[in-house]
Amino acid sequence: MVIKIPSLGECKIISPLKNFQSEQGKKSLLFIDDNIYISNSIEINEHGEYLEKEQKYFEKAGPREKIFFQPENTIAGIVTCGGICPGLNNVIRSLVVELWFHYGVREILGFRYGYEGLNPEKNLPPLQLDPEIVDEIHDEGGTLLGTSRGPQEPEKMMSYLRSMGVNLLFCVGGDGTHRGAYQLFRILQEKSYPISIIGIPKTIDNDILYTSRTFGFNTAIEEARKVLICAHTEAKSVRYGIGLVKLMGRDSGFVTAYSALASQLVNYAIIPEVPVSLLGANGFLSWLEQRILTREHALIAVAEGAGSEWIKEDIERKDASGNVLHADVGKFLRDKIVEYFNNKQVPIQMKYFDPSYLIRSVPANAEDAAFCDALARNAVHAGMAGRTGITIGYIHNQFVHIPIEMVISGRKKIDPESSLWQTVLASTGQPIP
């Protein structure tokens with residue numbers, strides 16, 4: 312099934328990138344044909360048939376030979392929303408640089424503090440962005456534009472964008488940001504206002520559907536690995552030492568899984584996708600007791616969204632972005648471990664680490680920096696070509712256009728039967744629940 316991509320209309324303007332084009336005979340080495348698609352699955356049998364019954368074919372991202380917007384008349388906007396993440400400033404910088412130098416767009420607005428910056432009642436005038444202002448921001452963590460959580464009224468945002476003359480808006484954020492972008496896209500579509508809405512997926516948790524990785528994830532694994540090494544050192548340096556590290560992962564355990572694999576030190580990884588019994592002969596605490604008595608130390612990594620089966624809350628709480636707020640599983644598990652071993656009269660030494668803010672506030676590492684640059688440039692190509700209501704995905708090492716409606720339909724999760732999780736189990740040596 313070919314996934315239909317929303318567009319503002321026919322592209323009639325020759326792209327300024329034509330000036331940078333090289334040719335081999337009649338074949339373009341720069342521009343992407345609109346009829347090139349990337350499949351979501353690549354596994355086939357001996358007959359050349361896809362193993363997955365229903366294939367999805369996504370439009371390949373990249374520069375188009377003809378564009379929708381006249382660059383000299385175009386006003387672009389950038390907004391960053393949700394929690395901070397390594398690479399935000401890299402994305403902002405590359406958006407500005409690509410718009411300015413390659414497309415010739417001279418009016419670039421940075422809307423401040425997330426979607427609040429699109430609500431005139433908040434009195435947050437946008438920043439005028441140019442290459443000089445963003446020149447060195449990629450060396451810093453956080454976001455030049457600031458951020459916030461929570462939605463704003465789509466009608467107010469639409470009216471504000473129109474009053475500012477904005478033609479395309481780049482929304483950098485996770486699930487909540489994309490839900491807000493989709494609402495804005497829908498109301499613009501209903502009113503037939505030609506403003507392009509382009510998403511750039513940002514989440515350390517790496518839980519965006521139909522994209523194999525999101526920016527900041529690689530840096531998060533690198534930083535989390537450092538914490539796990541420190542926690543292991545602390546635990547192993549004393550008798551009956553236990554290192555417990557809580558990592559990011561509200562609904563998905565990718566950070567915990569990959570950090571465990573990167574460190575090769577974790578003895579038990581706990582993720583939201585795989586329920587674990589706390590008590591009983593085959594429970595986690597019984598396993599931990601045997602580990603401590605035989606090896607005299609242990610390192611445990613737990614995702615922040617794990618353990619919901621342990622902690623029952625009467626009222627479901629949500630943050631401003633609509634994400635479910637989980638009870639603090641790290642502190643809960645820490646206290647349960649201490650209580651259990653006190654009752655067993657085993658003098659453990661607990662070392663608890665919660666590095667979440669430390670990890671998300673650092674600058675992007677080299678791989679994420681390069682990835683952010685490619686994401687941003689492909690977002691600009693999509694916006695200038697009149698694509699709208701889409702985000703830039705990454706499938707099989709290819710950048711693609713994915714409708715935002717599909718992205719917000721769920722969360723990407725670890726399959727307990729996947730080779731990823733089986734490799735984690737092989738690395739940790741933990742029992743299968």
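Sequence positions in the sequence shown follow the numbering used here and run 312 to 744. Each residue gets a CB set at the ideal place from its N, CA and C atoms; glycine is no exception.
_Whole-angstrom C-beta distance between glycine 453 and asparagine 529, which should lie under 8 angstroms_ = With 8 angstroms as the limit, asparagine 529 and glycine 453 do not qualify as a contact, their Cβ atoms being about 18 angstroms apart.
*Candidates Pro462, Gln381 and Ala568: which alpha carbon is nearest glycine 487's?*
Nearest of Pro462, Gln381 and Ala568 to glycine 487, Cα basis: Pro462.
_Start-to-end residues for the beta strand (DSSP E) that takes in glycine 554_ = Annotation for glycine 554: the continuous beta strand (DSSP E) segment containing it runs 552 to 558.
_Close-in-space but distant-in-sequence residues of the same chain around leucine 736 (CB under 6 angstroms, 5 per side omitted)_ = Around leucine 736: no qualifying Cβ.
*asked:* Here's the rule I'm using: 16 or more other beta-carbon atoms within 10 Å means buried, otherwise exposed. How should histidine 707 be labelled?
replied: Exposed.
_Member of Ala571, Gln575, Asp684 and Asp450 whose CA lies at the smallest distance from the CA of serine 672_ = Comparing Cα-Cα distances from serine 672 to each of Ala571, Gln575, Asp684 and Asp450, the minimum goes to Asp450.
*What is the rounded straight-line gap between the Cα of leucine 555 and the Cα of valine 483?*
If you take the alpha carbons of leucine 555 and valine 483, they lie about 32 angstroms apart.
*State the CB to CB distance for the pair leucine 440 and valine 407, rounded to an integer number of angstroms; the pair is presumed to be in contact (CB under 8 angstroms).*
The beta carbons of leucine 440 and valine 407 sit about 5 angstroms from each other, so the pair counts as a contact at 8 angstroms.
*asked:* For the structure I just gave you, are there three or more beta carbon pairs, one from the stretch 543 to 554 and one from the stretch 713 to 729, closer than 8 angstroms?
replied: Taking 8 angstroms as the limit for Cβ pairs, the verdict is that the stretch 713 to 729 does not touch the stretch 543 to 554.
*Can you say whether alanine 677 is buried or exposed, counting buried as having 16 or more other CB atoms within 10 angstroms of its CB?*
The C-beta of alanine 677 has fewer than 16 other C-beta atoms within 10 Å across all chains shown, which makes the residue exposed.
*Going by other Cβ atoms of all chains shown within 10 Å of its Cβ, with 16 needed for buried, is isoleucine 626 buried or exposed?*
For isoleucine 626, the pLDDT reaches just 48, beneath the cut-off of 50, and the residue's location in the model is therefore unreliable, leaving the point undetermined.
*Are there 16 or more other CB atoms within 10 angstroms of the CB of lysine 513, so buried, or fewer, so exposed?*
Lysine 513 comes out buried.
*From this set, Phe481, Thr385 and Leu410, which residue's C-alpha is nearest arginine 423's C-alpha?*
Comparing Cα positions, the closest option is Phe481.
_Test item: CB-CB of valine 585 and proline 727 under 8 angstroms_ = Yes, the pair counts as a contact, with Cβ atoms nearer than the cut-off.
*Out of Arg536, Gln500 and Ala638, point me to the one whose CA is closest to proline 317's CA.*
Closest in C-alpha terms to proline 317, from the list Arg536, Gln500 and Ala638, comes Gln500.
*Can you say whether tyrosine 414 is buried or exposed, counting buried as having 16 or more other CB atoms within 10 angstroms of its CB?*
Tyrosine 414 is classed as buried because its beta carbon has at least 16 other beta carbons within 10 Å across all chains shown.
*asked:* My output table needs one value for serine 318: the three-state DSSP class, helix, strand or coil.
replied: Assigned with DSSP and collapsed to three states, serine 318 falls in strand.
*Just how far apart, CA to CA, sit asparagine 478 and isoleucine 515?*
Rounded to the nearest angstrom, the two C-alpha atoms are 29 angstroms apart.
*Among Thr699, Val549 and Lys537, which has the Cα closest to the Cα of leucine 572?*
Ranking the options by Cα distance to leucine 572, first place goes to Lys537.
*For the putative contact between histidine 489 and glycine 457, defined by C-beta atoms under 8 angstroms, what is the C-beta separation to the nearest angstrom?*
Contact doesn't hold; Cβ gap of about 19 angstroms is too wide.
*asked:* At the level of alpha carbons, what is the spacing between glycine 336 and phenylalanine 342?
replied: With a pLDDT of only 48 at glycine 336, under the threshold of 50, the placement of this residue in the model should not be trusted, and no figure is reported.
*Return the first residue and the last residue of the alpha helix (DSSP H) that alanine 535 is part of.*
Alanine 535 -> alpha helix (DSSP H) spans 528 to 547.
*Pick from Tyr579, Arg497, Ser507 and Arg606: whose alpha carbon is nearest that of leucine 319?*
Of the candidates Tyr579, Arg497, Ser507 and Arg606, the one whose C-alpha sits nearest the C-alpha of leucine 319 is Ser507.
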